[in-house]
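Numbering-wise, the numbering used here comes out as the position in the sequence shown, counting from 1, plus 1. Ideal placement from N, C-alpha and C gives every residue a C-beta, glycine not left out. Below is one structure; the comments refer to it alone.
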Amino acid sequence: MGGDLCVGGIVPLTTVDYPGYLSTVIFLQGCNWKCRYCHNPHLQSMAAPEFFSWEDVLDLLRLRRGLVEAVVFSGGEPLLQLGLPEAVADVAALGFRVGLHTSGAFPDRLEGIVSSLQWVGFDLKYSFESYQFITGIDDSGEVALASLKILLKSNVDFETRMTVHESMEIAAIVEVLEEISGLGVKNVVLQKCRDKNENVVEHPIFSDKLLLESIARRFDSFHVRE
Ligand code: SF4
Numbered sequence: 002m003g004g005d006l007c008v009g010g011i012v013p014l015t016t017v018d019y020p021g022y023l024s025t026v027i028f029l030q031g032c033n034w035k036c037r038y039c040h041n042p043h044l045q046s047m048a049a050p051e052f053f054s055w056e057d058v059l060d061l062l063r064l065r066r067g068l069v070e071a072v073v074f075s076g077g078e079p080l081l082q083l084g085l086p087e088a089v090a091d092v093a094a095l096g097f098r099v100g101l102h103t104s105g106a107f108p109d110r111l112e113g114i115v116s117s118l119q120w121v122g123f124d125l126k127y128s129f130e131s132y133q134f135i136t137g138i139d140d141s142g143e144v145a146l147a148s149l150k151i152l153l154k155s156n157v158d159f160e161t162r163m164t165v166h167e168s169m170e171i172a173a174i175v176e177v178l179e180e181i182s183g184l185g186v187k188n189v190v191l192q193k194c195r196d197k198n199e200n201v202v203e204h205p206i207f208s209d210k211l212l213l214e215s216i217a218r219r220f221d222s223f224h225v226r227e
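What follows is the structure in structure tokens.
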């Protein structure tokens, strides 16, 4: 069982974390990146401020069978924790669909687990050459691209979403969207960034309707998420 997991939090019921399904989200503690806009900085450290044992999590999930359809592992970066594959197996054995939110920081681990997942939310950070500008980590663009290629090779349903921070250049955003379209990505969401008070921080790309329409034509599904 996934007993070694360090769980930083749980949202028992959401409609937005696994498109089309009511889900429970399990936030795993720890991330090896340091994104300038990180929405969950309290999860970056491996030291959990609040601890749930994996058995407690499974007990909660057993009670939710029939109420929620899916369980999403989020973070932090869930693939940082070596107990994740066993935890995914535990959740699948309870009859839930299993989703994963990932930055793509661990392509080898993603490859090992992808066939056990029904859905992945892949966080695209920026043009692959400029990833470090967002993540603060040298080789982050390289590993993220490797992870995206693993998702494309697999049969898993996945969404590529990019949080658009005020510091990001339109040209670099367009460049990477063109690149991933060429690689075969079909489903893209641009997410508006929020500040610490949860207020949207607008970026000029969202006012350029013609540009958004031309981007949208490159994908089967493209939308902006507030
Ligand atoms: S990958 Fe996600 S959890 Fe990690 S620092 Fe970036 S935004 Fe935060």
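For residue i, which residues in the same chain have their Cβ closer than 6 Å to its Cβ, ignoring the five residues on either side in sequence?
i      : result
Met163 : Leu125, Leu191
Gly77  : Leu29, Gln30, Gly31, Cys32, Leu44
Ile11  : Ile27
Glu214 : none
His166 : Tyr38, Cys194
Leu6   : Trp55, Gln82, Gly84, Ala88
Ala217 : Phe223
Val225 : Leu191
Leu62  : Leu95
Val189 : Thr161, Phe220, Phe223
Pro13  : Thr25
Can you tell me whether residue i sits near the ligand SF4, meaning its C-beta is under 7 Å from at least one heavy atom of the ligand?
i      : result
Asp124 : yes
Gly77  : yes
Leu44  : yes
His224 : no
Trp34  : yes
Cys194 : no
Cys7   : no
Thr136 : yes
His166 : no
Ser148 : no
His204 : no
Asn41  : yes
Report the CB separation of residue i from residue j in whole angstroms; it is logged as a contact under 8 Å.
i      : j      : result
Ala71  : Ser24  : 4 Å
Lys193 : Glu227 : 6 Å
Ser168 : Arg37  : 7 Å
Ser102 : Val73  : The sequence given here places His at residue 102; Ser does not occur at that position. Sure, about 6 Å apart at Cβ, within 8 Å.
Lys35  : Gly137 : 4 Å
Val99  : Gln119 : 6 Å
Taking Cβ positions, are residue i and residue j nearer each other than 8 Å?
i      : j      : result
Leu81  : Asn41  : no
Ala173 : Ser222 : no
Arg66  : Gly96  : yes
Val201 : Phe129 : no
Ala48  : Gly105 : no
Pro79  : Gly113 : no
Ala94  : Ser117 : no
Asp139 : Ser75  : no
Near residue i, which residues of its chain fall below 7 Å by C-beta distance, leaving aside the five closest residues on each side in sequence?
i      : result
Lys187 : Phe220, Asp221, Ser222
Ser239 : In the structure as shown, the chain begins at 2 and stops at 227. Residue 239 is therefore absent and cannot be evaluated.
Thr15  : Ser24, Val26
Phe134 : Tyr127
Which same chain residues end up closer than 8 Å to residue i when comparing Cβ atoms and leaving out the 5 residues on each side of it in sequence?
i      : result
Leu184 : Leu149, Lys150, Leu153
Asp60  : none
Contact between the segment 46-65 and the segment 148-167: three or more CB pairs below 8 Å?
Contact between the segment 46-65 and the segment 148-167 is absent, because fewer than three Cβ pairs lie under 8 Å.
For the segment 194-209 and the segment 133-152, state whether three or more C-beta atom pairs, one from each stretch, are separated by less than 8 Å.
Three or more beta-carbon pairs separated by less than 8 Å are not found between the segment 194-209 and the segment 133-152, which leaves the two stretches without contact.
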